[in-house]
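Novice: Below you will find the structure I want to go over with you.
In structure tokens, the structure reads:
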């Protein structure tokens, strides 16, 4: 009997099997044929193992990078990349991530059902990454397993409702309807950009009136953009670390420039592998979540990934990316000058978050709004990781970290509660946010009924 | 026949388009048609017969062969019309 119990515990604590079981559960609830259930379960199982293998590849490339950076500049350098940090964290926190994600999706449906915030967050990878970060932070508080899954799930469910709601006033201006929301982990930055545009721009002068070359569109291909920027970053760092140090300590004799380019390629390869695995994991879980939420929440508004707004303002996409990246570069200079931990501007967060911020800034403030809104977004995502890393425990020093604004907001909120006041404060904080949403719903209802009377 | 949706990272938008195409195919009673989603880097012509992309990616996707460009990737009417066009053309 005891060995049987042991087996069950082993199954539940092997994250690859656990996520596969979640997929099987979702497929079963949709009454899919047995063949589909088996296929979905196996693909999710393998997908998880693919992600964790990608983590190994990324670590192989980031470890020498950190060493080179230290030798070259005598400072700590960090590359913000969600895929990299999540994959590394999943090797240790996989089980809790999977359970928190499952609970988070359930809470998202429940909150959408009972409050006036009807957002269903369908961007599966963002939910996965957010759950992973939550698992990391809560694990430092000494919570019991049940508490971690319950309150971690509640935190993710709340975040997935609140962030689309924050951006919604501006999302409505972009899409001209209230039928879709933005569910991406930069929502706070987009709302900020919309706000900046409102006060510092003129929406009559839209970015879309400019005749703009589309030659930067190839950066949308993440393998190309990651290899290019990481190549440049690695070559610069290797140059300052010097051929002598690298051939002696890291590359086993290979020329330092060749080594740098190869390492950049390995980093991009790692991200490629991780993305392939994430796709396998989500392929079965997201449709199940969508199907279940459609049945349980009437008038639900799906919150979708950021490129949904790109077609509304293609010029703002490029302007947003460039000014966000400039914001990142200026922040880099400030960090070097003040001797802080150096956050290297990653092209992926600046592309997706910067571009989206550009579209939001343009909707409220035209060209000026797009430029300033995404520039400020770029500065925010550069400095936020510095505040976030200390609360991530051991994971704060992996050479990579979470980049987008919403990770920063959630992480800094939960992490600082955990660090300063411990487990009870985290629970109180999460529940307080839930109560706030319920109060806002009750107020709206009271308002609506007083108008109708 | 196989249809694929493509976006920059192959995670969110293309996945959403895939799910919407599946819903439309179900309404048409053509669940035999396979649907998948890819990122721009991994998508290649032999992976599917028709590729759906958003307007903003139109210039980067021409190498895929038969590409359907969506003016708005959240407009279900537009998607439905274009999927129906492909299905009738094929049969």
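Chains as they are written, first to last, in our numbering: chain A, 1485 to 1937; chain B, 5 to 95. Backbone N, C-alpha and C fix where the C-beta goes; we use that ideal spot for every residue, glycine too.
(1) List the DSSP bridge partners of residue 38(B).
(2) Should residue 1792(A) and residue 17(B) be called a contact, given that it needs their Cβ atoms to be closer than 8 Å?
(3) Where in the segment 1672 to 1756 of chain A do unbroken runs of the alpha helix (DSSP H), each at least 4 residues long, occur, reported from the N-terminal end onward?
(4) Under 7 Å Cβ-Cβ, which residues of chain A neighbour residue 77(B)?
(5) What residues in the segment 1793 to 1820 of chain A have a beta carbon less than 7 Å from any beta carbon of chain B?
(6) Roughly how many whole angstroms lie between the Cα atoms of residue 10(B) and residue 1859(A)?
(7) Would residue 81(B) pass as an interface residue toward chain A - the criterion being a Cβ-Cβ separation below 8 Å?
(8) If we require 4 or more residues per run, which alpha helix (DSSP H) segments fall completely within the segment 1770 to 1831 of chain A?
(9) Just to confirm, are residue 1603(A) and residue 1648(A) a CB contact at a threshold of 8 Å?
(10) Determine, for residue 1890(A), whether the minimum Cβ-Cβ distance to residues of chain B falls below 8 Å.
(11) For residue 1592(A) and residue 1777(A), what's the separation of their Cα atoms in angstroms?
(12) Within this structure, are the beta carbons of residue 1619(A) and residue 1608(A) separated by less than 8 Å?
(13) Give me the residue from 1801(A), 1800(A), 1826(A) and 1802(A) with the minimum Cα distance to residue 1812(A).
(14) Using the three-state DSSP reduction, which class does residue 43(B) fall into: helix, strand or coil?
(15) Could you list which residues in chain A have their beta carbon closer than 9 Å to that of residue 15(B), in chain order?
(16) Check for me: the beta strand (DSSP E) holding residue 73(B) runs from which residue to which?
(17) Strictly by DSSP, which residues pair up with residue 1604(A)?
(18) Tell me the DSSP secondary structure of residue 1884(A) in three-state form.
(19) For residue 1517(A), does the three-state DSSP call read helix, strand or coil?
(20) I need the DSSP call for residue 1666(A), collapsed to helix, strand or coil.
(21) Is the segment 1745 to 1765 of chain A touching the segment 1525 to 1538 of chain A, taking contact as three or more C-beta pairs under 8 Å?
(22) Are the beta-carbon atoms belonging to residue 1773(A) and residue 1510(A) less than 8 Å from one another?
(23) Taking a contact to mean a Cβ-Cβ separation below 8 Å, would you say residue 1707(A) touches residue 45(B) in this structure?
(24) Buried or exposed: which applies to residue 1559(A), given that a residue is buried once 16 or more other Cβ atoms fall within 10 Å of its Cβ?
(25) Taking residue 1715(A) as the reference, which of 1694(A), 1528(A), 1740(A) and 1594(A) has the closest Cα?
(26) For residue 1840(A) versus residue 1674(A), is the C-beta distance shorter than 8 Å?
(27) Which residues in the same chain as residue 1903(A) place their Cβ atom closer than 7 Å to its Cβ, once the five residues preceding and following it in sequence are excluded?
(28) So is residue 48(B) in contact with chain A if we call contact Cβ pairs under 8 Å?
(29) Counting only Cβ pairs nearer than 8 Å, list the residues of chain B close to residue 1774(A).
(30) Taking Cβ-Cβ distances below 8 Å as the criterion, which residues of the segment 1668 to 1696 of chain A are in contact with chain E?
(31) Do the CB positions of residue 53(B) and residue 6(B) come within less than 8 Å of each other?
(32) Which two residues bound the contiguous alpha helix (DSSP H) that contains residue 1647(A)?
(33) With DSSP collapsed to three states, give me the class of residue 1626(A).
(34) Consider the Cβ of residue 1706(A): report whether some Cβ of chain B lies at a distance smaller than 8 Å.
(35) Using 8 Å as the limit for Cβ to Cβ distance, is residue 45(B) near chain A?
(36) Residue 1572(A) and residue 1543(A) - do their beta-carbons sit closer together than 8 Å?
Specialist: The structure says:
(1) Paired residues: 6(B).
(2) Remark: C-beta atoms of residue 1792(A) and residue 17(B) approach each other more closely than 8 Å.
(3) Considered as a whole, the segment 1672 to 1756 of chain A harbours 1706 to 1725 and 1727 to 1733 as its complete alpha helix (DSSP H) runs of no fewer than 4 residues, in chain order.
(4) Per Cβ cutoff of 7 Å: 1792 and 1795.
(5) So the list reads 1794, 1795, 1798 and 1801, given in the order they occur along the chain.
(6) Between residue 10(B) and residue 1859(A), the C-alpha separation is close to 28 Å.
(7) For residue 81(B), not one C-beta of chain A is nearer than 8 Å to its own C-beta.
(8) Segments of the alpha helix (DSSP H) lying fully in the segment 1770 to 1831 of chain A: 1798 to 1822.
(9) Against a cut-off of 8 Å, the Cβ pair of residue 1648(A) and residue 1603(A) comes out as a contact.
(10) Closer than 8 Å: no.
(11) Taking the straight line joining both Cα atoms gives about 9 Å.
(12) No, the pair does not count as a contact, with Cβ atoms beyond the cut-off.
(13) The candidate whose alpha carbon is nearest that of residue 1812(A) is 1826(A).
(14) In the three-state reduction of the DSSP assignment, residue 43(B) falls in the strand class, which pools E and B.
(15) Here the neighbours are 1607, 1608, 1609, 1610, 1759, 1762, 1763, 1766 and 1789.
(16) From DSSP, the beta strand (DSSP E) with residue 73(B) extends over 71 to 74.
(17) Residue 1604(A) pairs with 1786(A).
(18) Annotated three-state conformation of residue 1884(A) is strand, per DSSP.
(19) The answer is coil: DSSP assigns residue 1517(A) none of H, G, I, E or B.
(20) Note: residue 1666(A) maps to strand in three-state DSSP.
(21) Contact holds between the segment 1745 to 1765 of chain A and the segment 1525 to 1538 of chain A, because three or more Cβ pairs, one in each stretch, are under 8 Å apart.
(22) For the pair residue 1773(A) and residue 1510(A), the CB atoms are nearer than the 8 Å cut-off.
(23) Between residue 1707(A) and residue 45(B), the gap from beta carbon to beta carbon is short of 8 Å.
(24) Residue burial is scored here from C-beta neighbours: residue 1559(A) has fewer than 16 other C-beta atoms within 10 angstroms and is therefore classed as exposed.
(25) Comparing C-alpha distances from residue 1715(A) to each of 1694(A), 1528(A), 1740(A) and 1594(A) shows the shortest one belongs to 1740(A).
(26) Yes.
(27) Counting only residues of its own chain and dropping the five nearest sequence neighbours on each side, residue 1903(A) has a CB closer than 7 Å to the CB of 1875.
(28) Answer no: the Cβ-Cβ gap between residue 48(B) and chain A never drops below 8 Å.
(29) Near residue 1774(A) (Cβ distances below 8 Å), the residues of chain B are 23.
(30) You won't find chain E in this structure, because its protein chains are A and B.
(31) For residue 53(B) and residue 6(B), yes; Cβs fall inside 8 Å.
(32) Element bounds for residue 1647(A): 1629 to 1659.
(33) For residue 1626(A), the three-state secondary structure derived from DSSP is coil.
(34) Chain B contact via Cβ: present.
(35) Closer than 8 Å: yes.
(36) With contacts defined by Cβ atoms closer than 8 Å, residue 1543(A) and residue 1572(A) form a contacting pair.
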